[in-house]
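Working notes for the structure below.
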Amino acid sequence: MAKIKKISKSLDDTYLIGSEISKKLKKGSILAFFGSLGSGKTTLIKAIVESLEKTSQNINVNSPTFNYLNIYNLKIPIYHFDLYRIKDKNKFFSFGFEEYFSKDGICLIEWAENIKDILPLKTHIIKMKHISETQRELELINL
Ligand SMILES: Nc1ncnc2c1ncn2[C@@H]1O[C@H](COP(=O)(O)OP(=O)(O)OP(=O)(O)O)[C@@H](O)[C@H]1O
Ligand SMILES: [Mg+2]
C-alpha cells in the first residue's frame, strides 16, 4: 500500500495539501483521519471541502463534536464525522452511520481510531501529527 509523508509548515501548506487531496476524490470516496487533538484534522477537511467546491469563499466546516455528523449539501454531498465521543463501533452502528459508506457522497471521518476495524477496504487513510506550533506531519496511505 502506498504511503506518502508530507510536512506542512504552515496553514497555507495544509490548504495546498488539501487541494491536492481533493483532486483524488470522487463520489463514494472515504477518508479516515487519525491524529490527536489539535493535529489539524478539521483544518485539512475544511481545505479539502473548499477545494472540492472550487470556491475561495469560507465554507462553514466545524468539528461536529456535539452531533457526530455534519452534512454539507454541496456539488457532491459531504458527510463530515467527528467520532471523538463514539468510543466503540457498536455506538456507530446504533446510529446507522455505516449507511453513509455506501452513499453517493464523500465521507470525511475524524477520530477514525474509534472505528478502525470497520472501515471499508477502499478507505484512504490520513495520519496527522503535531510537530510544533505551526508544523504538522501528514502520512497519506492508499491515496
Ligand atoms: N500547519 C498547520 N496545519 C494545520 N493546522 C495548523 C497548522 N499550524 C497551526 N495549526 C493550527 O492547529 C489547530 C488545528 O486544529 P484542528 O481543529 O484542525 O485540529 P483537529 O485535529 O481537528 O482537533 P480535534 O481533535 O479537537 O478535532 C488550528 O488552530 C490551526 O490553526
Ligand atoms: Mg477536529
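So in the working numbering the end of the sequence shown lands on 179, straight run, no missing numbers. Note that beta-carbon positions come from the ideal geometry of N, C-alpha and C, so glycine has one too. As the structure is a prediction and not an experimental result, all values here were calculated from the model.
> So does S44 have its beta carbon nearer than 7 Å to some heavy atom of ligand 2?
Replying inline: For the purposes of this step, residue 44 is identified with residue 8 of the sequence shown, where counting begins at 1. No, Cβ of S44 sits at least 7 Å from all heavy atoms of ligand 2.
- Would you tell me roughly how many angstroms separate the C-alpha atoms of S130 and T170, rounded to the nearest one? The count along the sequence shown starts at 1 and reaches residue 130 at position 94. The count along the sequence shown starts at 1 and reaches residue 170 at position 134. Cα to Cα, the separation comes out at about 38 Å.
Practice item. Count the other C-beta atoms from every protein chain shown that fall within 10 angstroms of the C-beta of N96, then say buried if there are 16 or more, exposed otherwise. Key: Residue numbering aside, residue 96 sits at position 60 when the sequence shown is read from its first letter. Exposed, by the Cβ-count rule.
| task | Grab me the residues of T79's own chain with a C-beta within less than 6 Å of its C-beta, minus the 5 sequence neighbours each way, in chain order. | result | Position 43 of the sequence shown holds residue 79. T50, listed in sequence order.
Quiz prompt | Option in T159, N103, K163 and K127 with minimal Cα separation from S72 | solution = Mapped onto the sequence shown, residue 72 falls at position 36. Checking every option, the nearest Cα to that of S72 belongs to K163.
Requested in this report: Would you list, in sequence order, the uninterrupted alpha helix (DSSP H) runs of no fewer than 4 residues that lie entirely inside the region 85-148?
Outcome: 125-130
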